[in-house]
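Listed in order, the protein sequences are those of chains A and B. Just so we're aligned: the first sequence equals residues -11 to 140 in my numbering. Just so we're aligned: the second sequence equals residues 19 to 521 in my numbering. C-beta: ideal position from N, C-alpha, C; glycine also. Fair warning: this is a prediction, and the values are worked out from it, not measured in the lab.
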Amino acid sequence: MRNYDFLPGLFLGIVSTGTCVMAYKLGLGSASNPGPGYFSFGIAFLLGFMSFLLCFKEVLRKARNKEKNISSQKVIQGRPMAVLGALLLFAICLEFLGLCICTFLLMMFLVGVVGRQKWRLTILVGFFAVAFAYVIFIVLLGVPFPRGILGI
Amino acid sequence: MEVVGYVFYGLQVALQPENLLYCFVGVSLGTLVGVLPGIGPIATMSLMLPISFHTSPVSALIMLAGIYYGAQYGGTITSVLANIPGEASTVMTCLDGYQMARKGKAGLALGVSAIGSFIAGSLSILGLIFLAQPLAKRALSFGPPEYFSLICMALVILISLAQGSLYRSAIMALLGLLIGLVGLDPIMARPRFTFGLVDLMDGVAIVPLIMGIFGIAEILINLERTLKQDIYDAEIAGVYASLREWTVAKWAILRGTVIGFLLGILPGGGAVISSFIAYGVEKRLSKYPEKYGTGVIEGVAAPEAANNAAAQSCLIPLLSLGLPPNVVMAILYGGLMIHGIQPGPLLIQDHPDIFWGLAMSMYVGNVVLLVLNLPLVGLWVKLLKVPYPILFPLMLFFCIIGVYSVNNSVFDIYLMILFGLIGYLMKKFDFEPAPLAMAYVLSPIFESSFRQSLNISGGSISIFFSRPISLACIIMALAIMSFQIGSFYLSRHKAWVYKQKQT
Chain A
-11 MRNYDFLPGL FLGIVSTGTC VMAYKLGLGS ASNPGPGYFS FGIAFLLGFM
39 SFLLCFKEVL RKARNKEKNI SSQKVIQGRP MAVLGALLLF AICLEFLGLC
89 ICTFLLMMFL VGVVGRQKWR LTILVGFFAV AFAYVIFIVL LGVPFPRGIL
139 GI
Chain B
19 MEVVGYVFYG LQVALQPENL LYCFVGVSLG TLVGVLPGIG PIATMSLMLP
69 ISFHTSPVSA LIMLAGIYYG AQYGGTITSV LANIPGEAST VMTCLDGYQM
119 ARKGKAGLAL GVSAIGSFIA GSLSILGLIF LAQPLAKRAL SFGPPEYFSL
169 ICMALVILIS LAQGSLYRSA IMALLGLLIG LVGLDPIMAR PRFTFGLVDL
219 MDGVAIVPLI MGIFGIAEIL INLERTLKQD IYDAEIAGVY ASLREWTVAK
269 WAILRGTVIG FLLGILPGGG AVISSFIAYG VEKRLSKYPE KYGTGVIEGV
319 AAPEAANNAA AQSCLIPLLS LGLPPNVVMA ILYGGLMIHG IQPGPLLIQD
369 HPDIFWGLAM SMYVGNVVLL VLNLPLVGLW VKLLKVPYPI LFPLMLFFCI
419 IGVYSVNNSV FDIYLMILFG LIGYLMKKFD FEPAPLAMAY VLSPIFESSF
469 RQSLNISGGS ISIFFSRPIS LACIIMALAI MSFQIGSFYL SRHKAWVYKQ
519 KQT
């Protein structure tokens, strides 16, 4: 993967800069009476410094034309991203569609599409997951899951 | 005599039907995830954390601890029979365990590791009983400067012992400290880094964070690999060692127990490191080190004893000082926190049922594991054949409903997905999640003790150097840091010299 050190360094650098600004606005106080931003400012500053060094290392390596040998396993693949997308969609639709429908659809996607299993097995796993969630979490533990438009 | 009374009280708690059931569920689940490669006890404990919310605190802790030490037993089965370490802590068992299986001694390897683990686990519990209480009493005299220095030392050790780059681990620890600071300021009660979100007022919840960076990230990484295994299929017999074999194995078990027990207490230590060191020590002390890796019984006994001893001794700093020494203990810390119980020196005094019940339940759990492991090994091997495409959707689903059920909040699901993505990217860019999780857990105590210390001293940092315990911790942290930096530059220099010689 390109920018093995640069991208994380840059991201963490942005996070630390933002945190430093927010911590400063919160109030640093004094050494004898530290404010809410005192400790977080120190930590964020240290993080920013270390992130800068991480980026600098990458720039230095590129300047020396030394390509770091990183295996193909480092490439971000599509399947995990598809799974994360499905989970996000589940969370968005949960209150509208309810637990049972969302669970069934999620299982169909994960087992059938991502896992590439036969449809009969996919439907079976989907029904098992819905039944398990309903019995354990709704009936036995009484967790108030959203029921959705169909009320189930 | 007081201890004897407490031991009986603990047994009484552990043998209550509800606790017995959760102990059985925990160790069975632990063995199961230990057997299945790609699913670790950390991911499983984080999955079970929300479910533990619906039980009593004692039952929750008994179940969560059972998963951890149960996984150490389960991991051995795949290491011996399939040459796949079900757990990172059973990597060393593969070396000699699988070779023993190939020589037709699979039963013996499993038997020695199960009985050795039982002995080590039992001795470690004794250590826990006798060490945790005096340590907790001593810790009652700790003030904010001592806590600050102790956490400093813990973080330095943790970063030094983390796998991979030291520098990247330090960055993760700093990020973890920042995440732990989200929420209301503990002294002035002002919201910090909440972006106006009410859901973040109480801080970033531990369950979505742990589930995300360990559970979800591990599943996503596993989706990219295909796990192929060559399982030993012959009948497993002769699990009990002969007298001569016991004579050889007993010292390895005892040495492994001592190493595991001591390393389990140290921050950043635990089952993985202790099993590696125990194997190394055993090989160094052996009269026939060249035979290691060809099926030597001590090569199985020592790492197995060490990982089980460590799995139980690492409870000492958590239960007596309130400081989790590794990420598994951080999850147990979370298990106590969601029940509103603050781990620390007062835990043994205020909640004796939790401490003594947990300690005694581990004895019960070790007996259950012995019963589960030896006769049922064939059943566990069959589980290795469950396809991952069916397993992972169910695990993801349990993550979602689990995280929702703690606070009945969809926001927690979003948070878990976000940390899942962060954990996945961390693995891709070779950042260790353990320092982040540990630092996140320690962050609130770290900040409070730092600010309180400065308040007491009127802004002078000399307070950290003027108290003996605090000074000792700071010196220790500096010594470890200097050693790490020194050895880094020494290895670089050696590499440079070698390169110069080559050219």
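Contact check between the segment 265 to 272 of chain B and the segment 473 to 489 of chain B: fewer than three CB pairs, one atom from each, fall below 8 Å, which does not count as touching.
When C-beta atoms of the segment 117 to 126 of chain B are compared with those of the segment 335 to 344 of chain B, fewer than three pairs fall below 8 Å, so the two segments do not count as touching. Around the Cβ of Y297 (chain B), a 10 Å sphere holds 16 or more other Cβ atoms; the residue is buried. Sequence-distant Cβ neighbours of A223 (chain B) in its own chain, meaning closer than 8 Å and more than five residues away, are V424, N425, D430, L433. Per DSSP, the unbroken alpha helix (DSSP H) holding R273 (chain B) starts and ends at 261 to 283. Going by DSSP, G438 (chain B) is part of the alpha helix (DSSP H) stretching over 428 to 446.
Residues of the segment 199 to 211 of chain B with a C-beta less than 8 Å from any C-beta of chain A: L199, D203, I205, M206, R208, R210, F211, listed in chain order. Chain B places no beta carbon closer than 8 Å to that of A119 (chain A), leaving this residue out of the contacts. Residues of the segment 93 to 104 of chain A whose Cβ lies closer than 8 Å to any Cβ of chain B, in chain order: L94, M95, L98, V99, V102, G103, R104. For Y442 (chain B), the chain A residues whose Cβ falls inside 7 Å of its Cβ are P68, in order along the chain. In the three-state reduction of the DSSP assignment, P22 (chain A) falls in the strand class, which pools E and B.
DSSP links L202 (chain B) through a beta bridge to B:P209. For E236 (chain B), the number of other beta carbons within 10 angstroms of its own is at least 16, and it is reported as buried. Residues of the segment 464 to 478 of chain B with a Cβ closer than 7 Å to any Cβ of chain A, in chain order: E465, F468, R469, L472, N473, G476, G477. The beta carbons of L0 (chain A) and S39 (chain A) sit about 4 Å from each other, so the pair counts as a contact at 8 Å. Spatial neighbours of G311 (chain B) in its own chain (CB-CB distance under 6 Å, excluding positions within 5 residues in sequence) are listed in chain order as L113.
Rounded to the nearest angstrom, the Cβ distance from V102 (chain A) to R67 (chain A) is 6 Å, consistent with a contact under 8 Å. Under the criterion of beta carbons closer than 8 Å, S107 (chain B) and G84 (chain B) do not qualify as touching, at roughly 16 Å. One thing to note: A455 (chain B) has its Cβ within 8 Å of the Cβ of G194 (chain B). The Cβ neighbour count for Q117 (chain B), taken over all protein chains shown within 10 Å, is at least 16; the residue is labelled buried.
Bounds of any alpha helix (DSSP H) do not take in G182 (chain B), whose DSSP letter is neither H nor E. Taking a contact to require three or more Cβ pairs closer than 8 Å, the segment 446 to 464 of chain B and the segment 194 to 209 of chain B qualify as touching. Counting only unbroken stretches of 4 or more residues, the alpha helix (DSSP H) elements lying wholly within the segment 75 to 111 of chain A are 87 to 95, in sequence order.
G17 (chain A) has A:P22 as its beta-bridge partners, per DSSP. In this structure L146 (chain B) touches S331 (chain B) by the C-beta definition: roughly 6 Å separates them, less than 8 Å. Against chain B, the beta carbon of F44 (chain A) has no neighbour under 7 Å; the closest one sits roughly 12 Å away. Across the set B:P343, B:S142, B:G233, the C-alpha of B:G233 shows the shortest separation from the C-alpha of P411 (chain B). At the C-beta level, L82 (chain B) and L394 (chain B) stay beyond 8 Å of one another. When secondary structure is reduced to three states using DSSP, N101 (chain B) falls in the coil class, being assigned neither helix nor strand. Between N37 (chain B) and S379 (chain B), the CB-CB gap stays under 8 Å.
For Y432 (chain B), the nearest CB of chain A lies under 8 Å from its own CB, placing it at the interface with that chain.
Contact of A188 (chain B) with chain A by beta-carbon distance below 8 Å involves M38.
In the three-state DSSP reduction, T73 (chain B) falls in the coil class, being neither helix nor strand. Its chain contains F92, M95, M96 as the residues whose beta carbon lies nearer than 6 Å to that of G114 (chain A), once the 5 sequence neighbours on both sides are disregarded; these appear in chain order. In terms of CA proximity to L284 (chain B), B:A329 leads the group B:W374, B:R156, B:A329, B:G317.
Going by DSSP, I366 (chain B) is part of the alpha helix (DSSP H) stretching over 365 to 368.
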